[in-house]
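Student:
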Amino acid sequence: MEIALEVSGFDRIPDTLARISAALGFETMSAGAEEALQPVLERARELVPVDTGNLRDGIVIAGEDYRQAGSGAKRYNLHPASGVRQGGMIVGPLEVNEFYAWFVEFGTINMAPQPFLIPAVESEKAQVFDILGRRAGRAIMAATA
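See below:
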């Protein structure tokens, strides 16, 4: 009994990988990260202790171009070898000058911690990865269609 096997398409691998890489680029995944972090934002706002509401209302999602308070300088993450811009998204109390946010989260010598951000991330991390995975999967399918 003789079995014959023919394999083809190896010549298309570099082009396909380049299309996938482009599809999973900065814009696609940054938009996906913002969408994916929304459940964390909502949960953190539910968990944060409220006095005036400033801390709760100041919890936002920010991208890599978030301006640090007072500095006016944009922060960009660049890949050390290629110099290509990389994305980064954060969620936290960024929109208000509420320096005590971290005291609330971690406590002080005189105040017990009242964590809101870490529990929000922990409770929503599966959903975050699910949203990012679906977005990446759609981008890969479109790039290889």
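Count along the sequence shown starting at 1, add 41, and that's the number in this note's numbering.
We treat Cβ as the ideally placed atom computed from N, Cα and C, and that holds for glycine.
Ends of the alpha helix (DSSP H) at V162?
Tutor: Translated into positions along the sequence shown, residue 162 becomes position 121. Residues L158 to T185.
Student: Roughly how many angstroms separate the alpha carbons of E47 and G174, rounded to a whole number?
Tutor: In the sequence shown, residue 47 corresponds to position 6, counting from 1. In the sequence shown, residue 174 corresponds to position 133, counting from 1. Roughly 33 Å separates the two Cα atoms.
Student: For the alpha helix (DSSP H) that contains V145, what are its first and last residues?
Tutor: Locating residue 145 in the sequence shown gives position 104, where the first residue counts as 1. Run containing V145: A142 to F147, per the alpha helix (DSSP H) assignment.
Student: Just tell me which of A186, N151, F144 and S49 has its CA closest to the CA of L158.
Tutor: Walking along the sequence shown from the start, residue 158 turns up at place 117. Checking every option, the nearest Cα to that of L158 belongs to F144.
Student: Could you pull the start and end residues of the beta strand (DSSP E) that A103 belongs to?
Tutor: Position 62 of the sequence shown, counting from 1, holds the residue named residue 103. Counting along the chain, the beta strand (DSSP E) containing A103 begins and ends at I100 to A103.
Student: Can you give me the Cβ contacts of A77 inside the same chain, cut-off strictly under 7 Å, excluding the 5 residues immediately before and after it?
Tutor: Along the sequence shown, read from residue 1 onward, the residue named residue 77 stands at position 36. Once the five neighbours on either side are set aside, the close Cβ partners of A77 are V169, I172 and L173.
Student: Could you check what DSSP says for V91 in three-state terms: helix, strand or coil?
Tutor: One-based indexing of the sequence shown puts residue 91 at position 50. Reduced to three states, the DSSP call for V91 is coil.
Student: Hey, would you say V81 sits closer than 8 Å to V132, going by beta carbons?
Tutor: Within the sequence shown, the letter at position 40 stands for residue 81. Within the sequence shown, the letter at position 91 stands for residue 132. Yes.
Student: What is the DSSP secondary structure of G73, counted as helix, strand or coil?
Tutor: Residue mapping note: residue 73 aligns to position 32 of the sequence shown, counting from 1. Helix, per DSSP.
Student: Rounded to the nearest angstrom, how far is the Cβ of E135 from that of G99, given a contact under 8 Å?
Tutor: Position 94 of the sequence shown, counted from the first residue, corresponds to residue 135. Position 58 of the sequence shown, counted from the first residue, corresponds to residue 99. The question names Glu, yet the displayed sequence has Leu at residue 135. About 7 Å; that satisfies the 8 Å criterion.
Student: One question on the structure: do A64 and A184 come within less than 8 Å of each other, judged by their Cβ atoms?
Tutor: Walking along the sequence shown from the start, residue 64 turns up at place 23. Walking along the sequence shown from the start, residue 184 turns up at place 143. Against a cut-off of 8 Å, the Cβ pair of A184 and A64 comes out as a contact.
Student: Using DSSP bridges, identify the partner residues of G66.
Tutor: Here residue 66 refers to the residue found at position 25 when the sequence shown is read from its first residue. G66 is not bridged to any residue.
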